[in-house]
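The structure appears below as structure tokens.
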Amino acid sequence: MKDTRIDLEDVKIIEHRAKSLSQSSDIVVRELTGIVHRLIHGYVGTNIALDVCLRWCRELQQGMVKTNAQVTRACSAEPTLPKGHSLSSSNLSRNWRSLSTPPFKVPTQPSA
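Quick look at the structure:
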């Protein structure tokens, strides 16, 4: 599906040939010509819709590849701060405390 394309020139040729069919005086031929015209209109409409969908899929796929490359590059880079900046606990907006298990506390064994 990567390189799938609808040949719209071929569709235009078929539509042009259908329009150039001469009108017949025979009722059966006129009815068959009408059926052929309706079928060709359906064929042309389906091909145009499919071409639009395939183009959208290609654009979506290209966008996903670009986004994937950006995410990969961002995740593989070493996180750095601008010069003159540093991380500090004073920038925290909230204190997180766990009273039951403070950090680095050695758990005590219950006596038997």
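The sequence shown begins at 1 in UniProt numbering and counts up by one. C-beta atoms are modelled at their ideal positions from N, C-alpha and C, and glycine is treated no differently.
Check	Outcome
Supposed close pair I6, L60 - CB separation, criterion 8 Å	Rounded, the Cβ-Cβ distance is 17 Å, inconsistent with contact.
The region 67–81 contacting the region 37–51, beta-carbon criterion three pairs below 8 Å	no
Alpha-carbon spacing of F29 relative to V36, whole angstroms	The question names Phe, but residue 29 in the sequence shown is Val. Whole-angstrom Cα-Cα distance: 10 Å.
Backbone CA spacing between L8 and A49 [nearest angstrom]	11 Å
H41 versus Q109, E15, A69, residue with shortest Cα-Cα distance	E15
Nearest to K19 (by Cα), restricted to the options T33, S25, I27, D26	T33
G63 in three-state terms, based on DSSP	helix
Three-state class that DSSP yields for K15 in the structure shown	The sequence shown places Glu at residue 15, rather than the Lys named in the question. Helix.
Complete alpha helix (DSSP H) runs within the region 31–65 (minimum length 4 residues, chain order)	none
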